[in-house]
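Residue 1 is where the sequence shown starts when you use UniProt numbering, and the numbers rise one by one after that.
Quick reminder that beta carbons are idealized off the backbone N, C-alpha and C, glycines included.
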Amino acid sequence: MAPQNKLFFLSFLIVAFFSSSFLHAATSSSDDSVIDLTQYNFDRLVTNSDAPWIVAFIAPWCGHCQRLHPEYEKAAKSLGGVVNMGRVNCDNEKELAQRFGIKGFPTIKVFPTFKSSKQNPEDYQGARESGSLVSTALSLLNGVRDPVRKIETEEELTQFITSSEENDDSTMSKVILFSSKSSNPNLFKSIAVEFTSKKVNFAFVGDDKFLDKFGIDKTPAVLLFKNNNMEDFIKFDGASLKKNSLVQFIETNIEKGELIEDQETFSKKCEKMCVIGFVNAQDDSQVSTLKQVAGKYPENVVVQVNAGSSAFSALKSVFNLEEIGNEGFDLAVFRGHKLKYATKQGVKNVSDASVLLDRVIGGDQTFHTLSEFPQVGEAANTATKDEL
1 MAPQNKLFFL SFLIVAFFSS SFLHAATSSS DDSVIDLTQY NFDRLVTNSD
51 APWIVAFIAP WCGHCQRLHP EYEKAAKSLG GVVNMGRVNC DNEKELAQRF
101 GIKGFPTIKV FPTFKSSKQN PEDYQGARES GSLVSTALSL LNGVRDPVRK
151 IETEEELTQF ITSSEENDDS TMSKVILFSS KSSNPNLFKS IAVEFTSKKV
201 NFAFVGDDKF LDKFGIDKTP AVLLFKNNNM EDFIKFDGAS LKKNSLVQFI
251 ETNIEKGELI EDQETFSKKC EKMCVIGFVN AQDDSQVSTL KQVAGKYPEN
301 VVVQVNAGSS AFSALKSVFN LEEIGNEGFD LAVFRGHKLK YATKQGVKNV
351 SDASVLLDRV IGGDQTFHTL SEFPQVGEAA NTATKDEL
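Structure below.
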């Protein structure tokens, strides 16, 4: 190869290397601070959530996007999940870009608190630097009433845990943060806002009050109370109070899985669409994961079928779920009124379940079709065809 050609080739490799590095920086996070959004998870995480969001619509080849990247990451890390920050790669997600009228890059959209306000997000007009982004994000949270009740007296504490109010019922869980501080932190407020549409109430107890009453030896501490009972509580045992771990703790313990044991219950719960977890009831990990799935997909009916039951063997046969010796449990999405189903085996965590459920929500999942509604306790006909 001629010297000038070698020089040209070397220059080409250098340019290609740095271009790919910029592309990677603009489309991936060094950690989980910025959440990648796609057509499969956007509605579940953003528009169907009560939590506020800031979302950057970017393109990997865009120079302005590459310059935004470090500031956007810095803002997300500073917020620590108090307000969610997401990113959409519009080269891959053209439908989302079209849906929100994205004409140039980067475009940053502000999705306010509560589902009812999410349909018309506003364009972010501030500076593209971390301080301004954080300020805008916190204004979204500070602009709504704090749903966390501040408790000052033992009488208020007892009343909060044990009473059923007009908008309350016996299934309402109560989550209390005990702290040495005197005011409720933004992190706990943001979690309470995120659970607005679910059956859970939140309270804050400051200045290290009432710790001995519940055997709390250090703060901060979070307790979740069930059944309006002062003695029926679970203590969060995480090493640190991070948003993701707290949300997972609450979702796991407030969700009550519907158990399928008879035809009447199955027909009622799965008449339209249900998500069926085939679990070993003695395996706490499997039961916990299914509860977390129910928490992540609150608009879907999630039901549990226990190993050893007649419903377990009958429905696994119907949905062609053969024993393959893998870890985890099997999951099926069943549209009863259309007699269509889709499955995933070896589910070990919520992310595994999301592979199936996000494709169902996005309309890209292939379904099998049954000839008749399944009968619990006896095998029904298996699939006759595959279709979207």
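Out of the options, state which residue places its alpha-carbon closest to the alpha-carbon of residue i.
| i | options | result |
| --- | --- | --- |
| residue 106 | 61, 49 and 339 | 61 |
| residue 286 | 52, 356, 346 and 333 | 346 |
| residue 204 | 327, 142 and 151 | 151 |
| residue 188 | 237, 298 and 176 | 176 |
| residue 243 | 125, 84, 47 and 75 | 84 |
| residue 131 | 374, 372 and 77 | 77 |
| residue 241 | 260, 225 and 178 | 178 |
| residue 236 | 65, 250, 230 and 117 | 250 |
| residue 231 | 214, 220, 245 and 69 | 214 |
| residue 295 | 35, 49 and 36 | 49 |
| residue 321 | 338, 42 and 276 | 276 |
| residue 33 | 41, 316 and 71 | 71 |
| residue 97 | 273, 356 and 42 | 42 |
| residue 309 | 272, 260 and 273 | 260 |
Determine the contact status of residue i and residue j, defining contact as a CB-CB distance below 7 Å.
| i | j | result |
| --- | --- | --- |
| residue 173 | residue 208 | no |
| residue 90 | residue 56 | no |
| residue 51 | residue 194 | yes |
| residue 289 | residue 349 | yes |
| residue 391 | residue 111 | The question about residue 391 has no answer here: the residues shown for the chain are numbered 1 through 388. |
| residue 73 | residue 38 | no |
| residue 297 | residue 319 | no |
| residue 314 | residue 305 | no |
| residue 254 | residue 200 | yes |
| residue 334 | residue 278 | no |
| residue 190 | residue 82 | yes |
| residue 369 | residue 339 | yes |
In angstroms, rounded to a whole number, what distance separates the CA positions of residue i and residue j?
| i | j | result |
| --- | --- | --- |
| residue 95 | residue 234 | 43 Å |
| residue 88 | residue 159 | 45 Å |
| residue 86 | residue 79 | 12 Å |
| residue 206 | residue 184 | 8 Å |
| residue 300 | residue 358 | 12 Å |
| residue 24 | residue 217 | Unreliable positioning characterises residue 24 in this predicted model, as indicated by a pLDDT of 42, which lies under 50. The coordinate reading is nonetheless provided below. Rounded to whole angstroms, residue 24 to residue 217 spans 46 Å at the Cα level. |
| residue 362 | residue 44 | 10 Å |
| residue 63 | residue 186 | 34 Å |
| residue 281 | residue 323 | 17 Å |
| residue 123 | residue 360 | 30 Å |
| residue 223 | residue 344 | 34 Å |
| residue 270 | residue 336 | 6 Å |
| residue 225 | residue 161 | 7 Å |
| residue 353 | residue 371 | 26 Å |
| residue 267 | residue 65 | 50 Å |
| residue 116 | residue 47 | 9 Å |
| residue 374 | residue 355 | 25 Å |
| residue 316 | residue 118 | 39 Å |
| residue 307 | residue 36 | 36 Å |
| residue 291 | residue 202 | 20 Å |
| residue 182 | residue 138 | 20 Å |
| residue 141 | residue 212 | 33 Å |
| residue 166 | residue 99 | Only weak support exists for where residue 166 lies, its pLDDT of 49 falling under 50; the coordinates are left without a value. |
Using a threshold of 6 Å, is the CB atom of residue i nearer than that to any non-hydrogen atom of the ligand MN?
| i | result |
| --- | --- |
| residue 138 | For the structure depicted, the ligand MN is absent and the ligand set is empty, with no information on it obtainable. |
If residue i sits next to residue j, beta carbons under 8 Å apart, how far is it from one beta carbon to the other, in whole angstroms?
| i | j | result |
| --- | --- | --- |
| residue 264 | residue 303 | Rounded, the Cβ-Cβ distance is 13 Å, inconsistent with contact. |
| residue 376 | residue 283 | The Cβ separation is near 22 Å, so there is no contact. |
| residue 136 | residue 143 | Incorrect: roughly 11 Å between the Cβ atoms, too far for contact. |
| residue 148 | residue 192 | 5 Å |
| residue 54 | residue 108 | 6 Å |
| residue 156 | residue 210 | Between residue 210 and residue 156 the Cβ distance is about 10 Å, and since that is not below 8 Å, they are no contact. |
| residue 164 | residue 228 | 6 Å |
| residue 221 | residue 134 | Going by Cβ atoms, the distance from residue 221 to residue 134 rounds to 28 Å, so no, they are not a contact pair. |
| residue 68 | residue 128 | 5 Å |
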